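Participant: For reference, the structure I am asking about is given below.
There are 2 protein chains.
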Amino acid sequence: MSKSGKRISSLQDLADLAGVSRATVSRALNDSPLINEKTRKRLQALARKHNYTVNQQARGLRLNRSRVVSVVFMLDPRSDQHPSDPFFLEMLGGIADGLAAHDYDLLLAPAPIPSIQELAASRAVRHADGVIFVGQGEEHKALSELVDQDVNMVVWGSEIAGRRYTLIGGDNVGGGFAATQHLLELGRRRIAFFGNMRSPENSARYTGYQSAHVAIKAPCEMSLTFDIPADMQHAQTTIRAILQSQPGFDAIVCTSDVMAIAAISALSEIGIKVPSDVAVVGYDDILLAGYSTPTLTTIRQNIPYAGGVLVDSLLTLIDGKKASDRILGSELVVRKSSGA
Amino acid sequence: MSKSGKRISSLQDLADLAGVSRATVSRALNDSPLINEKTRKRLQALARKHNYTVNQQARGLRLNRSRVVSVVFMLDPRSDQHPSDPFFLEMLGGIADGLAAHDYDLLLAPAPIPSIQELAASRAVRHADGVIFVGQGEEHKALSELVDQDVNMVVWGSEIAGRRYTLIGGDNVGGGFAATQHLLELGRRRIAFFGNMRSPENSARYTGYQSAHVAIKAPCEMSLTFDIPADMQHAQTTIRAILQSQPGFDAIVCTSDVMAIAAISALSEIGIKVPSDVAVVGYDDILLAGYSTPTLTTIRQNIPYAGGVLVDSLLTLIDGKKASDRILGSELVVRKSSGA
DNA sequence: GGGGTTAATGCAATCGATTGCAATTAGCAA
DNA sequence: TTGCTAATTGCAATCGATTGCATTAACCCC
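Chain order of the listed sequences is L and D. Quick note: the first sequence, position 181, residue 181 per my numbering, numbers continuous. If you count the second sequence from 1, you need to add 1000 to reach my numbering.
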């Protein structure tokens, strides 16, 4: 296998070796019905033996597609932070699986997105057959404009006015509602909301938070709504400052599990007991949620599954068909320690 | 900008528009010294105006390179699990940054690696200018064979006999030593070691663990060495089973922070106090380590920096130069709760 | 054996960008 | 104006794979 005269690196090499034209080899490797069964087998065996794989750049050039899908994480631009939230990793895993199953490659776009204009001109977008955006950041308008430039794309996020792209997302209103309802049922009445409100997903969760109060005619104080940055470092300093001011809440609804973990840590620091003094509910149900101390009560989003849905929708678009929006279910997961 | 007659999608289009040959346009966009300064400016402005970017597939085909680097995470093959450890995400972020700085794209290889043979034939490897392996898995031999196939590659991991690839890694022996020494200094004498021993990195850490005992002439019992799978789900069941058997240790050195978190959770479940009854030290210093409850004492690896080093070494190789192996420092980070 | 079909293969253009070499133009000195 | 050099630009081949069309071979039926 290793001592074959010269390196086989193109269809032509293989064709010469087999004594046929490169057209024939191409058809054989692509299972064209035009080709004789025996020739096909012979050539496929030969290709395998010489460890030959088609040059995707050439193939892509000819066919005008690349079998590459880009993934772009839209982060809070104020934190020039990388994604540190395991949510992103789990999502990436789900997307990677979905793409692998359909024989697509995954190109990861550089983390801090420049302007959407630059992004539109970047290789990540031009070179790919389609793009998956995870989160809408604060650029929902620009995202809609991208659609007009004939970019195949799907977005993970939440409904927002003027949207023109295909949207996949969790049931954020329902999730916010369930989290809050759970705490209300436990008798908590001063429930804080922790999250970055500029994200459409979080404002949907906030809507659910309000509805839950309304549903049982409980008052819902604006003073308990706190704008917390998404990355942990800033989150924890902000939370510490809030705790200093003795806000007097007996529960917190957080917009992510890592934020909940940071909050619990800040609470324990100053001797506040979770959940007896303050109950905390997270969001996402990242894997760690079940293993941290205390274990987290949280809103479960099936993240790997979501990744698969994103991929399926995008591939539908790439096929030239229409893909419909989807809202995936979110459910409350009660674990004994943090939230009850 | 939007109402330009037809879409400019190739050099030829742009050349026609400007009334020059496509050779000229190509040279202008690539800052060739052959081109007249005025023409260059004019053509570059035109390209920008029409939002034109070169087709990378064509360019790559011609130049025989792709400006793509693949990243492969070598996971414990027994868990057909995705990477859930934030370590991977932080590493990925570091690598992504390094690549972006040099204008390379990042291709993420599908997570559960098939055989190395298949991998060698995959697009992820063939289509890329180079490959970064994170971890050696249990395939160190196969990795060395890949080098012989003219694959530009660097590997994050630990020294191992018969290695022929460029290696970048943390100081695992030193890290294992420091973690253990810290616990010994606190007076602990029955220190358990938790980790998957088939990974070269972990066995290096184990070596450090043993040396620390030897250094102060403390006995080091084999019965306190436990083989724990890398993924959290299996890790926690295994740890629970171990605790059932009342092994009687007063400290644990873990080979990752998530494992430490899982261990702490299992300990609290049955009422064992951390760190008073059992002290725990993690490894990696993932971002969460500072925010979990209790905060983790751990061995810090500067993961984003490591990502940058991996990239630099790989690009050196791609340039045809020799890249040297590097061992990056690991230092103990003491946080008050878990390990002291 | 002639004529008509069908199956299998080859030929050559094509995708878009780069680059060695040839050709053109300009500039300048005599 | 002529001749020579240097500065620009154009021509055309090339990278590797795909595919419409032409061609060849094989086979069948009278």
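Think of the CB as a built atom: it goes at the ideal place given N, C-alpha and C, for glycine as much as any other residue. Since the structure is predicted, the reported quantities are computational estimates derived from the model, not experimental observations.
1) Going by the CB atoms, is the gap between L/Phe87 and L/Phe73 shorter than 7 Å?
2) Considering only C-alpha positions, which residue in the set D/Asp1277, D/Ser1084 and D/Val1151 is nearest to D/Arg1065?
3) Who are the Cβ neighbours of D/Tyr1104 in its own chain at under 6 Å, not counting the five residues just before and after it?
4) Going by beta-carbon coordinates alone, are D/Ser979 and D/Ile1299 separated by less than 7 Å?
5) Closest to L/Thr293 by CA distance: which of L/Ser32, L/Thr316 and L/Ala262 is it?
6) Output the boundary residues of the beta strand (DSSP E) element that contains L/Ile132.
7) Work out the CA separation of L/Pro83 and L/Ala421 for me, nearest whole Å.
8) How is the alpha helix (DSSP H) around L/Phe88 delimited, first residue to last?
9) Check whether chain D comes within 7 Å of L/Pro229, counting only Cβ atoms and requiring the distance to be less than that.
10) Any chance the region 1269-1282 of chain D sits against the region 1110-1130 of chain D, with 3 or more Cβ pairs inside 8 Å?
11) Considering Cα atoms alone, identify which of L/Met232, L/Val333, L/Pro247 and L/Glu201 is closest to L/Ser223.
12) Return the CA-CA distance between D/Arg1190 and D/Pro1219, expressed in angstroms with no decimal places.
13) In its own chain, which residues sit with a C-beta less than 7 Å from the C-beta of D/Arg1022, not counting the 5 before and 5 after it?
14) Taking the DSSP output, what are the residues bridged to L/Cys254?
15) Between L/Ala121 and chain D, is there a C-beta pair that is closer than 7 Å?
16) What three-state label does DSSP hand D/Glu1331 in the structure shown?
17) Might you give, ordered along the chain, the residues of its own chain that have their beta carbon closer than 6 Å to the beta carbon of L/Ala192, omitting 5 neighbours on each side?
18) Mind checking D/Ala1047: buried by the 16 CB within 10 Å criterion, or exposed?
19) If you reduce the DSSP assignment to three classes, tell me which class D/Arg1164 lands in.
20) If you reduce the DSSP assignment to three classes, tell me which class D/Ala1245 lands in.
21) Quick check on L/Arg126 - is its C-beta less than 7 Å from some C-beta in chain D?
22) With burial defined as no fewer than 16 other Cβ atoms inside 10 Å of the residue's Cβ, what is the status of L/Gly271: buried or exposed?
23) Out of L/Leu288, L/Thr237, L/Glu221 and L/Ile228, state which residue places its alpha-carbon closest to the alpha-carbon of L/Glu269.
24) Return the bridge partner residues of D/Tyr1104 from the DSSP annotation.
25) Mind checking L/Val125: buried by the 16 CB within 10 Å criterion, or exposed?
26) Might you give, ordered along the chain, the residues of its own chain that have their beta carbon closer than 6 Å to the beta carbon of D/Asp1285, omitting 5 neighbours on each side?
27) From what residue to what residue does the alpha helix (DSSP H) around D/Val1025 run?
28) Who are the neighbours of L/Ser115 on chain D, taking C-beta pairs under 9 Å?
29) Give the DSSP-derived three-state secondary structure of L/Thr237 in the structure shown.
30) Does L/Ala262 get closer than 7 Å to chain D when you measure Cβ to Cβ?
31) Which residue's Cα is closest to the Cα of D/Ile1303: D/Gly1094, D/Asn1055, D/Lys1038 and D/Arg1027?
32) From L/Met91 to D/Leu1328, what does the alpha carbon distance come to, in whole angstroms?
33) Using beta-carbon positions only, say whether L/Glu138 and L/Ile116 come within less than 7 Å of one another.
34) Give every residue of the same chain whose Cβ lies closer than 6 Å to the Cβ of D/Leu1099, excluding the five residues on either side of it in the sequence, and list them in chain order.
35) Using the beta-carbon count (16 or more within 10 Å), is L/His102 buried or exposed?
36) For D/Leu1167, which of D/Arg1007, D/Arg1335 and D/Asp1325 has the nearest alpha-carbon?
Facilitator: According to the structure shown:
1) no
2) D/Val1151
3) Arg1067 and Val1069
4) A query on residue 979 of chain D cannot be resolved here, the shown segment of chain D reaching from 1001 to 1340 and no further.
5) L/Ala262
6) Gly130 to Val134
7) For residue 421 of chain L there is no data in the structure shown, the boundaries of chain L being 1 and 340.
8) Pro86 to Ala101
9) no
10) no
11) L/Pro247
12) 9 Å
13) Leu1011, Gln1012 and Ala1015
14) L/Phe194
15) yes
16) strand
17) Leu224, Phe249 and Ile252
18) buried
19) coil
20) The displayed chain sequence assigns Ser, not Ala, to residue 1245 of chain D. Coil.
21) yes
22) exposed
23) L/Thr237
24) Answer by DSSP bridge pairing: none, since D/Tyr1104 is not bridged.
25) buried
26) Thr1298, Arg1300 and Val1333
27) Arg1022 to Leu1029
28) By Cβ distance, chain D contributes nothing, its closest Cβ being about 13 Å from L/Ser115, past 9 Å.
29) helix
30) yes
31) D/Gly1094
32) 30 Å
33) no
34) Val1069, Leu1106 and Val1311
35) exposed
36) D/Asp1325
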